[in-house]
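Residue numbers for the sequence shown follow our numbering, so the first one is 7 and each next one is one higher.
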Amino acid sequence: MEVVIHCLFSYLSTVTFGIVTNVPRKVLNTCGITGAVGWMIYWSTKNLDAGVIFANFLGAIGIGLLSIYFSRRKKMPMTIFNIPSLVPLVPGGPAYQAVRSIVLGDYVSGVHFIIKVIMTAGAIAAGFMVTGIIERLLKNSLDKKDHLSNKKLLR
């Protein structure tokens with residue numbers, strides 16, 4: 007039951023943020039699916055005691071790969087799928103705790119939370135970098151394949 011709740015609420019949060027950011031209606035469902043898959047990768051990895059940072063990294067890779075797939079399939083920019091799908095992964099809780107701790111004078115705890123937020127954001131960025139590299143490698147290999155097949159046709 008817990009899996010269904012996590013999947014449902016990650017889907018709903020992604021779709022809701024997509025509505026707020028004016029994502030076209032025809033892709034709201036695919037945005038929701040992308041966000042839910044990214045969150046489920048994160049949640050599953052975290053439950054395997056792999057760590058929050060690594061879980062965010064893998065979740066971002068999942069979101070990135072699905073965004074590439076859906077952007078090609080729907081013929082739309084990747085950012086339409088990336089931005090709303092990141093909402094479940096954003097470290098809002100630790101960011102709030104960091105500000106709260108600093109305001110209350112607990113600077114050590116505040117710095118701890120700030121470091122956690124920076125590392126989480128870095129893991130998400132690294133996940134997107136990895137998907138960008140994967141996309142470029144796939145595109146280059148497909149271009150080489152097309153180039154070789156065109157050479158054969160010219161012979």
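Beta carbons are placed, not taken as given, at the ideal position from N, Cα and C, and that holds for glycine.
Span of the alpha helix (DSSP H), counted from its first residue to its last, around residue i
| i | result |
| --- | --- |
| Ala42 | Leu34 to Asn53 |
| Leu14 | Glu8 to Val26 |
DSSP state of residue i mapped onto helix, strand, coil
| i | result |
| --- | --- |
| Val109 | helix |
| Gly65 | helix |
| Asn88 | helix |
| Met125 | helix |
| Lys81 | coil |
| Gly133 | helix |
| Pro30 | coil |
| Ala104 | helix |
| Pro97 | coil |
| Gly57 | coil |
Buried or exposed by the 16-neighbour rule on C-beta atoms within 10 Å, applied to residue i
| i | result |
| --- | --- |
| Thr20 | buried |
| Met84 | buried |
| Val33 | buried |
| Ser147 | exposed |
| Ile130 | buried |
| Leu54 | exposed |
| Ile76 | This sequence places Phe at residue 76; Ile is not what is there. Buried is the call here. |
| Ile139 | exposed |
| Leu92 | buried |
| Gly133 | buried |
| Ile86 | buried |
| Gly111 | exposed |
| Tyr113 | exposed |
| Phe15 | exposed |
Span separating the alpha-carbon of residue i from that of residue j
| i | j | result |
| --- | --- | --- |
| Gly98 | Lys151 | 44 Å |
| Val123 | Phe23 | 21 Å |
| Val96 | Thr27 | 16 Å |
| Met46 | Ile74 | 18 Å |
| Arg78 | Ser107 | 44 Å |
| Ile120 | Thr36 | 32 Å |
| Gly57 | Met7 | 23 Å |
| Ile25 | Arg31 | 8 Å |
| Lys81 | Thr40 | 16 Å |
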